[in-house]
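Undergrad:
2 protein chains.
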Amino acid sequence: MKDLKNLVNNINEKWTDIYHSLHYIHQENISHQAVRLLQHIEKREALTVGDLADYIGVSHNTASEHIKRLIKKGLVSKKRSSEDERRVFVIMTPEGRGVLNKHTRLDEDKLENVLENLSDSEAETVAKAFHFLSREARKCSW
Amino acid sequence: MKDLKNLVNNINEKWTDIYHSLHYIHQENISHQAVRLLQHIEKREALTVGDLADYIGVSHNTASEHIKRLIKKGLVSKKRSSEDERRVFVIMTPEGRGVLNKHTRLDEDKLENVLENLSDSEAETVAKAFHFLSREARKCSW
DNA sequence: TATTTATATCTTATAATACGATATAATCTT
DNA sequence: AAGATTATATCGTATTATAAGATATAAATA
Numbered sequence: 020m021k022d023l024k025n026l027v028n029n030i031n032e033k034w035t036d037i038y039h040s041l042h043y044i045h046q047e048n049i050s051h052q053a054v055r056l057l058q059h060i061e062k063r064e065a066l067t068v069g070d071l072a073d074y075i076g077v078s079h080n081t082a083s084e085h086i087k088r089l090i091k092k093g094l095v096s097k098k099r100s101s102e103d104e105r106r107v108f109v110i111m112t113p114e115g116r117g118v119l120n121k122h123t124r125l126d127e128d129k130l131e132n133v134l135e136n137l138s139d140s141e142a143e144t145v146a147k148a149f150h151f152l153s154r155e156a157r158k159c160s161w
Numbered sequence: 020m021k022d023l024k025n026l027v028n029n030i031n032e033k034w035t036d037i038y039h040s041l042h043y044i045h046q047e048n049i050s051h052q053a054v055r056l057l058q059h060i061e062k063r064e065a066l067t068v069g070d071l072a073d074y075i076g077v078s079h080n081t082a083s084e085h086i087k088r089l090i091k092k093g094l095v096s097k098k099r100s101s102e103d104e105r106r107v108f109v110i111m112t113p114e115g116r117g118v119l120n121k122h123t124r125l126d127e128d129k130l131e132n133v134l135e136n137l138s139d140s141e142a143e144t145v146a147k148a149f150h151f152l153s154r155e156a157r158k159c160s161w
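Chains A and B, in that order, give the protein sequences.
So for the first sequence, my numbering puts the first residue at 20; every next one is plus one.
So for the second sequence, my numbering puts the first residue at 20; every next one is plus one.
1) Where DSSP assigns a beta bridge to A/L56, which residues make up the other side?
2) In chain order, what residues of the same chain have a beta carbon less than 6 Å from the beta carbon of B/R63, not counting five sequence neighbours either side?
3) Along the chain, where does the alpha helix (DSSP H) containing A/S140 start, and where does it finish?
4) Compute the Euclidean distance between the alpha carbons of A/H59 and A/T123, then round it to the nearest angstrom.
5) With DSSP collapsed to three states, give me the class of B/T112.
6) Is it right to say A/G115 is buried, meaning 16 or more other beta carbons lie within 10 angstroms of its own, or is it exposed?
7) At 3 residues or longer, and completely inside the stretch 73 to 111 of chain A: list those beta strand (DSSP E) runs for me, N to C.
8) Give a yes or no on whether the minimum CB-CB distance between B/I30 and chain A is below 8 Å.
9) Thinking C-alpha only, which one of A/K158, A/A148, A/S83, A/S160 is nearest B/N29?
10) Looking only at C-alpha atoms, which of B/D128, B/D139, B/K121, B/F151 sits nearest to A/E135?
11) Can you name the residues of chain B whose CB is closer than 8 Å to the CB of A/H51?
12) Pull up the distance between the alpha-carbon of A/S101 and that of B/K121, whole angstroms please.
13) Could you check what DSSP says for A/H42 in three-state terms: helix, strand or coil?
14) For the stretch 132 to 145 of chain B, enumerate the residues whose C-beta is nearer than 8 Å to any C-beta of chain A, in chain order.
15) Classify B/H85 as buried or exposed, calling it buried when 16 or more other Cβ atoms lie within 10 Å of its own Cβ.
16) Can you find a C-beta in chain B that's less than 8 Å from the C-beta of A/R157?
17) I want to know whether the stretch 124 to 144 of chain A touches the stretch 82 to 98 of chain A - three or more CB-CB distances under 8 Å.
18) Note down the Cα distance separating B/S19 from B/A72, rounded to an integer number of angstroms.
19) Mind checking A/Q52: buried by the 16 CB within 10 Å criterion, or exposed?
20) Output yes or no for whether 8 Å exceeds the beta carbon distance between A/Y43 and A/D139.
21) What in chain B is Cβ-close to A/R124, meaning under 7 Å?
22) List, in order along the chain, the chain A residues whose C-beta lies closer than 7 Å to that of B/H39?
23) Using CA coordinates, which residue listed in A/A82, A/V109, A/K158, A/Y38 is at the minimum distance from A/T67?
24) Find out if the Cβ-Cβ distance for the pair A/L130, B/V27 is shorter than 8 Å.
Here it is in structure tokens:
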């Protein structure tokens, strides 16, 4: 029998521990909303300016300005829809992906170092766990 | 034999997938630096204003102003050191912990829902994986 | 053709970020 | 004890980020 509440809390504590120990030391100071936008753009295909406005909960003109700033920094680009030429898709550039990774992923060198110190069976357990969690998380539509 | 580079990349992709699917929908728009400061304060004991300045890489006067703003929002409080009365420790308030959790933890309801959909043995695998990772991550001093 | 829709721009306002200069009080040095 | 050092705080100033209302433009739709 699973004690779910306890497991949830346990995972959450360790989730933040792991991130705090293994995250990148980044220098480029990107803003809060910029990270939120990039996170969403990375995970979804064909997002428009309006979609992004809804996602971060601001008016469309504000979202339009956010995108303008991200373009100026070279983190995203725009691509007009061919079906409906009013719509504009926001595309992540390789530079944007790089900056986002530095802000959301674990530092590859640190993580590799950690995994080296695990036994083969422990490393396998970790690989399986992330497989299970991401498989089910993807189904979560809330 | 472990293919580490591949495992690292695999975990990182799933790490961001999971966060994107399960993070809280937060409304309070706290700034980038504020989150960084709160994250560090949560994980370390007895941090001074100077420690925090070094951590986020700004001058001491800037850090002092960050703390002032966090105090105004009720997210941290100050406590003067009794040994050295020049030093001031920054303490997280329950409100600060709440706001930080909303910005760094996974949504408890979503995570519980995900775990419910795992078999007992899968859930156990997940619990073990976080145990192993956080155990080794804690040793990472870089 | 009139209306709606999707973006963009302009104006205005506030908050966040940062640093140099300076102030203050506590501690350490000589 | 006097002077130097250390830890914070505050003031002045400047830039960037954030946001929304009003307005403009161009494409699609009724």
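Built from N, CA and C at the ideal position, the CB exists for glycine as well.
TA: Concretely, from the data shown:
1) Here the question's residue 56 of chain A lines up with position 37 in the first sequence. DSSP output for A/L56 lists no bridge partner at all.
2) Taking the second sequence and counting its residues from 1, one reaches residue 63 of chain B at position 44. Once the five neighbours on either side are set aside, B/R63 has no close Cβ partner at all.
3) The sequence position of residue 140 of chain A within the first sequence is 121, counting from 1. From DSSP, the alpha helix (DSSP H) with A/S140 extends over 139 to 156.
4) The residue given as residue 59 of chain A occupies position 40 in the first sequence. The residue given as residue 123 of chain A occupies position 104 in the first sequence. A/H59 and A/T123: Cα-Cα distance of roughly 12 Å.
5) For the purposes of this step, residue 112 of chain B is taken as residue 93 along the second sequence, with counting starting at 1. In the three-state DSSP reduction, B/T112 falls in the coil class, being neither helix nor strand.
6) The count along the first sequence starts at 1 and reaches residue 115 of chain A at position 96. Result: buried.
7) 95 to 99, 107 to 111
8) As a first step, residue 30 of chain B is located in the second sequence; it is residue number 11 there, counting from the start. Output row for B/I30: interface = yes.
9) Residue 29 of chain B sits at position 10 when you count from the first residue of the second sequence. Among A/K158, A/A148, A/S83, A/S160, the Cα nearest to that of B/N29 belongs to A/A148.
10) For the purposes of this step, residue 135 of chain A is identified with residue 116 of the first sequence, where counting begins at 1. Taking only the C-alpha atoms, the option nearest A/E135 is B/F151.
11) Stepping through the first sequence from its first residue, residue 51 of chain A is reached at position 32. In chain order: N48, I49, S50, H51, V54.
12) For the purposes of this step, residue 101 of chain A is taken as the residue at position 82 of the first sequence. For the purposes of this step, residue 121 of chain B is taken as the residue at position 102 of the second sequence. Computed Cα separation, rounded: 39 Å.
13) Position 23 of the first sequence, counting from 1, holds the residue named residue 42 of chain A. Three-state DSSP puts A/H42 in a strand.
14) N132, V133, L134, E135, N136, L137, D139, E141, A142, T144, V145
15) Taking the first residue of the second sequence as 1, we reach residue 85 of chain B at position 66. Classification of B/H85: buried, given that the 10 Å Cβ count is 16 or more.
16) Here residue 157 of chain A corresponds to residue number 138 of the first sequence, with the count starting at 1. Yes - at least one Cβ of chain B is within 8 Å of the one on A/R157.
17) no
18) Because chain B spans 20 through 161 in this model, residue 19 of chain B falls outside it and cannot be assessed.
19) On the first sequence, position 33 is the one that residue 52 of chain A refers to. Result: buried.
20) On the first sequence, position 24 is the one that residue 43 of chain A refers to. On the first sequence, position 120 is the one that residue 139 of chain A refers to. No, the Cβ-Cβ distance between A/Y43 and A/D139 is not below 8 Å.
21) As a working mapping, residue 124 of chain A is identified with position 105 in the first sequence. Within 7 Å Cβ-Cβ: N31, W34, T35.
22) Here residue 39 of chain B is taken as the residue at index 20 of the second sequence, counted from 1. Near B/H39 (Cβ distances below 7 Å), the residues of chain A are Q58, K62.
23) Looking up residue 67 of chain A in the first sequence gives position 48. Closest by alpha carbon: A/V109.
24) Your numbering for residue 130 of chain A matches position 111 in the first sequence. Your numbering for residue 27 of chain B matches position 8 in the second sequence. Yes.
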